[in-house]
Amino acid sequence: MTLGAAVALAAPAPTPASAEDTEPAVVVNGTFSSPTVPDGQTWVTGVEGWSGGGVGSAARAAHPKGLQAASLAWNGQSVPLGTRLRGVRSGATVTLSWDDNPDGCAQQGAARRPYTVTVDGATNTPGAFTTNSPTGKANWFVGRTYSFTAAEDAPQITFTSTATENPGCGILITNVAAKQTAPPLGAPQSGASSDPCSGDAADGAQCKAVAGKQDEIAKCPASDRDCLAGVAGTGDAQNAAIGKETQAVEDFGKVPRDQDPNAAADGLCALPNALTASVGPGDAVVPPSDWWFC
62 MTLGAAVALA APAPTPASAE DTEPAVVVNG TFSSPTVPDG QTWVTGVEGW
112 SGGGVGSAAR AAHPKGLQAA SLAWNGQSVP LGTRLRGVRS GATVTLSWDD
162 NPDGCAQQGA ARRPYTVTVD GATNTPGAFT TNSPTGKANW FVGRTYSFTA
212 AEDAPQITFT STATENPGCG ILITNVAAKQ TAPPLGAPQS GASSDPCSGD
262 AADGAQCKAV AGKQDEIAKC PASDRDCLAG VAGTGDAQNA AIGKETQAVE
312 DFGKVPRDQD PNAAADGLCA LPNALTASVG PGDAVVPPSD WWFC
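The numbering used here numbers the first residue of the sequence shown as 62 and each following residue consecutively.
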């Protein structure tokens with residue numbers, strides 16, 4: 062294979078151009094630490110927070126950071142590995158990063174192992190990747206990246222092996238992380254009009270009366286109070302109501318706030334005394350006189 066062909070094989074498909082994504086986005090169980098593979102075991106089925114086959118132990122993965130890894134194959138066949146990026150909103154640009162390994166089950170000299178990364182969205186071309194060359198042992202590539210624009214909230218990402226040679230030997234993935242640039246917040250949406258006579262309210266008697274006088278009001282000079290009063294009224298009823306509210310506030314302010322506690326208790330005790338008056342000495346374990354102030 063020529064050097065140019067090898068470079069072309071390893072390069073991912075084009076991804077959306079954007080400014081550098083810097084805000085962390087949560088990837089659930091991105092280091093595949095759950096479930097933990099028990100001592101003495103190599104694999105355990107299921108991947109918490111992901112749909113997929115299973116997890117290889119830290120010893121089996123032999124990752125430089127000592128991480129467990131998820132396989133893109135299970136029970137002798139390719140099995141996609143996917144999850145949703147919670148906290149990512151539609152319109153955000155996202156940069157996904159991870160590490161891959163052809164795994165020790167791929168013999169030295171075998172072809173690089175291909176796989177794809179996909180995410181929904183018409184403008185999101187699937188990313189095509191290949192692992193490092195198989196060596197018969199761990200040969201991790203650290204720091205793969207794939208960028209995309211989220212076409213939905215919490216977009217689904219999926220890793221899928223496309224290896225046709227020895228497909229049951231799963232490519233290993235771990236250390237999955239993501240950063241994003243969130244979309245700008247839209248303008249606040251107001252569901253109600255500030256006009257009290259908008260919508261269905263326009264058919265009300267008061268709104269019809271006001272609408273009917275708009276032309277007359279428009280004919281009055283702004284400085285002619287008599288003209289305006291003749292059309293819109295003098296507001297006597299409204300002024301009277303305001304006067305009553307003002308008086309009520311004044312009366313409330315005159316109520317004394319300081320009162321002898323015993324005098325206040327006398328007023329409060331009438332009801333409980335009426336309720337406990339018929340309770341005899343043998344009707345309660347503790348007589349009301351022992352647990353009630355009155």
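Don't be surprised by glycine CBs; every beta carbon is placed ideally from N, CA and C.
Since this is a predicted model, take the numbers as computed values, not measurements.
Please state whether the Cβ-Cβ distance between residue i and residue j is less than 8 Å.
i: residue 145; j: residue 217; result: yes
i: residue 228; j: residue 122; result: no
i: residue 185; j: residue 153; result: no
i: residue 163; j: residue 221; result: no
i: residue 171; j: residue 226; result: yes
i: residue 91; j: residue 224; result: no
i: residue 174; j: residue 187; result: no
i: residue 93; j: residue 155; result: no
i: residue 143; j: residue 192; result: no
Identify the residues that DSSP records as bridge partners of residue i: which are they?
i: residue 116; result: 105, 131
i: residue 162; result: 233
i: residue 188; result: 178
i: residue 157; result: 207, 239
i: residue 138; result: 135
Return helix, strand or coil for residue i, following the three-state DSSP convention.
i: residue 76; result: With a pLDDT of only 46 at residue 76, under the threshold of 50, the placement of this residue in the model should not be trusted, and no figure is reported.
i: residue 143; result: strand
i: residue 310; result: helix
i: residue 218; result: strand
i: residue 305; result: helix
i: residue 315; result: helix
i: residue 358; result: Examination of residue 358 is not possible in this model, given that the chain is present from 62 through 355 alone.
i: residue 205; result: strand
i: residue 83; result: coil
i: residue 177; result: strand
i: residue 223; result: coil
i: residue 286; result: helix
i: residue 100; result: coil
i: residue 300; result: helix
i: residue 92; result: coil
i: residue 337; result: helix
Contact check, residue i vs residue j under 8 Å by CB: the rounded distance?
i: residue 113; j: residue 96; result: Contact flag wrong, Cβ pair sits at about 12 Å.
i: residue 367; j: residue 132; result: Given that the chain is displayed from residue 62 to residue 355, the structure contains no residue 367 and the question cannot be resolved.
i: residue 199; j: residue 231; result: At roughly 13 Å, the Cβ-Cβ gap does not stay under 8 Å, so residue 199 and residue 231 are not in contact.
i: residue 168; j: residue 197; result: 6 Å
Say the cut is 7 Å; is the CB of residue i nearer than that to a heavy atom of the ligand SAH?
i: residue 172; result: The ligand SAH is absent from the structure shown, which contains no ligand whatsoever.
Task: Inter-stretch contact (C-beta, 8 Å, three-pair minimum) for the segment 144-164 and the segment 84-95 - done: yes
Open item on the list: With three or more C-beta pairs closer than 8 Å as the rule, is the segment 115-129 touching the segment 175-182?
Closed with: no
Open item on the list: Three Cβ pairs or more, each shorter than 8 Å: is that satisfied between the segment 152-172 and the segment 204-219?
Closed with: yes
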